[in-house]
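Chemist: Okay, so the sequence shown: first residue is 5 according to this note's numbering, each after it adds one. The structure is given below, and queries will be raised subsequently.
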Amino acid sequence: MTAGSCRTAARRVPSHGVDLLGERYAIDFVGVDERHRTAAARDWRTLVATEPPERFVAFGRPILAPADGVVAQVHDGEDDHAARRSQPALVPYALGAAGRLREGVHAVAGNHVTIALPGARAYVSLVHLRRGSLRVRVGDQVMTGQPLAECGNSGNSTQPHVHVQVADSLDLTVAQGVPVAFRDFREWLRGRGEPLDRVTGLPGERSVVEPLMLTGT
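Printed below as a string of structure tokens:
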């Protein structure tokens, strides 16, 4: 989903695996550096407070179209808020999740793009995008790999990442999740030193992945 020789860590638990807002098969990709860190800097804020999103590897990375299709929905204008790695900052944020849900989809998804996939009643959404970075409008034809926006920290997000999901409806209040798979990626499984090259599949929880097509560029 991202451009350049970028690596990302894949996460599905605990926020996914539920039917709410079509998230049953959703997956998060969190940008990491060559040492598989989400941010190089660690200081007192990391332990007890919030942190600026700009210090995280993922923030501002290009987000590319994962498939061909037609842009069916866009939303921009939500702020990129402070990131949270510390328990003192995470607890009150977690307690506010129900309130954000009551505010509606935009408060949860933040800035996002949804693409209608060809040949099927299915829609892929890229969520938590950077404010002001969206490059497409409803009705635009997009191709796989086309830049759509930048990674941000809008909506229900504790640190910059992109949330990817496929659902059977544009209306996320009634949408059901659709299983997804990815192709041509290199995966570093958690606890295993050597990576595996995958033709197709779903990254494991907390695996680090990079697109094979970008290796060596």
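Beta carbons: idealized from backbone N, C-alpha and C, even for Gly.
Would you report the Cα separation of histidine 116 and proline 70, rounded to the nearest angstrom?
Modeler: The residue you call residue 116 lines up with position 112 of the sequence shown. The residue you call residue 70 lines up with position 66 of the sequence shown. Taking the straight line joining both Cα atoms gives about 14 Å.
Chemist: Excluding five sequence neighbours on each side, which residues of the same chain lie with their C-beta closer than 7 Å to the C-beta of valine 112?
Modeler: Along the sequence shown, read from residue 1 onward, the residue named residue 112 stands at position 108. Same-chain partners within the cutoff: Leu25, Arg104, Leu105, Gly159 and Asn160.
Chemist: What are the uninterrupted segments assigned as alpha helix (DSSP H) that are 4 or more residues long and contained completely in the segment 84-117, given in chain order?
Modeler: Runs found: 91-99, 101-107 and 109-113.
Chemist: Give the DSSP-derived three-state secondary structure of glycine 205 in the structure shown.
Modeler: Taking the sequence shown and counting its residues from 1, one reaches residue 205 at position 201. Glycine 205 falls in the strand class under three-state DSSP.
Chemist: Determine the extent of the beta strand (DSSP E) in which arginine 49 is found, giving its start and end residues.
Modeler: As a position in the sequence shown, residue 49 is number 45, starting the count at 1. Careful: arginine 49 lies outside any beta strand (DSSP E), inside the alpha helix (DSSP H) at 48-52.
Chemist: Would you mind working out which of Asp84, Glu82 and Ala53 sits nearest proline 92, comparing C-alpha positions?
Modeler: Locating residue 92 in the sequence shown gives position 88, counting from the first residue. Nearest of Asp84, Glu82 and Ala53 to proline 92, Cα basis: Ala53.
Chemist: Short check: CB of arginine 229 to CB of glycine 208, under 8 Å?
Modeler: An answer regarding residue 229 cannot be provided, because it is not within the stretch 5 to 221 covered by the chain.
Chemist: To which residues does DSSP link proline 183 through a beta bridge?
Modeler: Taking the first residue of the sequence shown as position 1, residue 183 is located at position 179. In DSSP, proline 183 forms no bridge with anything.
Chemist: Find the nearest neighbour of proline 151 within the set Leu174, Gly64, Ala43 and Asp175, judged by alpha-carbon distance.
Modeler: On the sequence shown, position 147 is the one that residue 151 refers to. If we check each option's Cα against that of proline 151, Gly64 comes out closest.
Chemist: If you count every other CB in all the chains shown that lies within 10 Å of the CB of valine 125, and 16 or more means buried, which is it?
Modeler: To locate residue 125, count along the sequence shown from 1; it is residue 121. Reading off the sequence shown, one finds arginine at residue 125, where the question assumed valine. The residue is exposed, with fewer than 16 neighbouring Cβ atoms inside 10 Å.
Chemist: Kindly confirm or deny that the segment 160-171 and the segment 136-148 touch, where touching means at least three C-beta pairs closer than 8 Å.
Modeler: Verdict: no, contact absent.
Chemist: Ignore the nearest five residues each way along the sequence and tell me which others in arginine 59's own chain have a CB closer than 6 Å to its CB.
Modeler: Position 55 of the sequence shown, counting from 1, holds the residue named residue 59. Excluding sequence neighbours, arginine 59 sits near Ala43 and Ala45.
Chemist: Inspect the beta-carbon positions of proline 57 and alanine 86 and report whether they are closer than 8 Å.
Modeler: To locate residue 57, count along the sequence shown from 1; it is residue 53. To locate residue 86, count along the sequence shown from 1; it is residue 82. In contact: proline 57 and alanine 86 (Cβ atoms closer than 8 Å).
Chemist: Across which residues does DSSP place tyrosine 127 in a beta bridge pair?
Modeler: Locating residue 127 in the sequence shown gives position 123, counting from the first residue. Beta-bridge pairing links tyrosine 127 to Ala120 and Ala171.
Chemist: Within 10 Å of its beta-carbon, does proline 215 have 16 or more other beta-carbons around it, so buried, or fewer, so exposed?
Modeler: One-based indexing of the sequence shown puts residue 215 at position 211. The residue in question, proline 215, is buried, as its Cβ has 16 or more Cβ neighbours within 10 Å.
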